[in-house]
Ligand code: PMP
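In our numbering, the protein residues as written are -12 to 382.
In structure tokens:
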């Protein structure tokens, strides 16, 4: 008997399956090369330290950074916290007590910013337009000599909308503020040349690019200008004193392998995935009415699609399709949260529309067949649910 087919995975903003080549690169770090990278008075530790430094070079290379600008962390949540809390704690100019961010940021940015607000920092959360883009004029108006830090993400994890980080960084540079960007969704997928960009701090995570969970990095600019940070975790002095704790050698090696693979096939993969994403959207829009594509007017990541199915409850739709597709209605961290998505509300959707929205995340492993099966199942389920909706028939 054939085992039951697992649902088609379309939730790659939450996480991606690990590439088998990444696992292969990691395995020796669990077995013969198990040493502690900080205990290198013998070959075990030396091997681990060398593996970490090679990985640091690869990660830096993938981002256009210098190896000494990479601080390994447990993922992007920690990288964001280190960037936001660490850069503000290191701010020596006491007249700079203002932090600016955007309403559509991930909770891993908004939470540390809220903490600063409780500690007396002046916090500005800028709105976005209906397309999800930050208004650069509004940012320019807020940026002043009191601004310590600006944190604006690169690619949004719910809509795929891409902010113009080069333009935002240039505004911050002119105002003398540190610019942090959460590039968790884009690192490895879109070209980044940090050496040539006005970015002070950048967060990324391995498990969004077919690497392991529990490892990521913070890029910390070392020159023109150098960004100062206070560590959050102190102890063993690892990572130049910026992040204490025994290094996660298998995770770091896996992260480097994942980025190496992502960069190698990047452009072809971007084109392939964008074509599949467009195919999914075109079929849904051809066969269903009352749909809205969120962020359609803005530049977006190739693998992202956010669709509002008016008159359909997204939770009911997901439950209906549980056996066929694995999708999500919003951020993974808040998918159990009954509140409608703060990202969609910030883009002007009503709570009702936000509750009728699904985000689709395609991946390296998504096939044409997957897209056709998913589209067919979504169309049938949405029609069936709408058939029971008095509001839909009365519209
Ligand atoms: N920022 C963004 C934009 C994300 O999508 C995520 C993952 N949901 C995170 C931060 C947190 O990343 P991690 O899981 O590596 O802590």
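Note that the Cβ used here is the ideal one computed from N, Cα and C, for glycine as well.
Here the structure is a predicted model, which means the values were calculated and not measured.
- Residue 168 carries a strand assignment under DSSP once its states are collapsed to helix, strand and coil.
- Secondary structure note for residue 249: its alpha helix (DSSP H) is the uninterrupted segment 236 to 251.
- DSSP lists 60, 192 as the beta-bridge partner residues of residue 203.
- With at least 16 other beta carbons inside 10 angstroms of its own, residue 91 counts as buried.
- The alpha carbon of residue 38 has as its nearest neighbour, out of 52, 50, 49, 23, the alpha carbon of 23.
- Bounds of any alpha helix (DSSP H) do not take in residue 21, whose DSSP letter is neither H nor E.
- Within 7 Å of the C-beta of residue 93 there is at least one heavy atom belonging to ligand 1.
- Where residue 113 is concerned, there is no enclosing alpha helix (DSSP H), although the beta strand (DSSP E) around it starts and stops at 109 to 113.
- Annotation: the continuous alpha helix (DSSP H) that includes residue 101 extends over 94 to 105.
- Look at residue 98: its beta carbon is at least 7 Å from all of the heavy atoms in ligand 1.
- Apart from sequence neighbours up to five positions away, the residues of its chain that approach residue 162 with a beta-carbon distance below 8 Å are 130, 131, 132, 134, ordered along the chain.
- Here residue 17 carries a helix assignment [DSSP, helix/strand/coil].
- Scanning 188, 272, 87 for the CA closest to the CA of residue 369 turns up 272.
- The distance from the Cβ of residue 203 to that of residue 218 is about 16 Å, inconsistent with a contact at the 8 Å cut-off.
- When C-beta atoms of the region 342 to 356 are compared with those of the region 284 to 295, three or more pairs fall below 8 Å, so the two segments count as touching.
- One alpha carbon belongs to residue 116, the other to residue 216, and they sit about 32 Å apart.
- By the Cβ-count criterion, residue 11 is exposed, with fewer than 16 other Cβ atoms from all chains shown falling within 10 Å of its own Cβ.
- By alpha-carbon distance to residue 60, the top candidate from 257, 191, 309, 98 is 191.
- Burial is judged here by how many other beta carbons sit within 10 angstroms of a residue's own beta carbon; residue 375 has fewer than 16 and is exposed.
- By alpha-carbon distance to residue 379, the top candidate from 97, 28, 296 is 296.
- Using a cutoff of 7 Å, the CB of residue 144 counts as near ligand 1, since one of the ligand's heavy atoms is closer than that.
- For residue 295, the enclosing beta strand (DSSP E) starts and ends at 291 to 296.
- Each residue's CA atom was taken as its position, placing residue 36 and residue 53 some 18 Å apart.
- By the criterion of at least three beta-carbon pairs nearer than 8 Å, the region 166 to 174 is in contact with the region 182 to 198.
- For residue 75, the three-state secondary structure derived from DSSP is helix.
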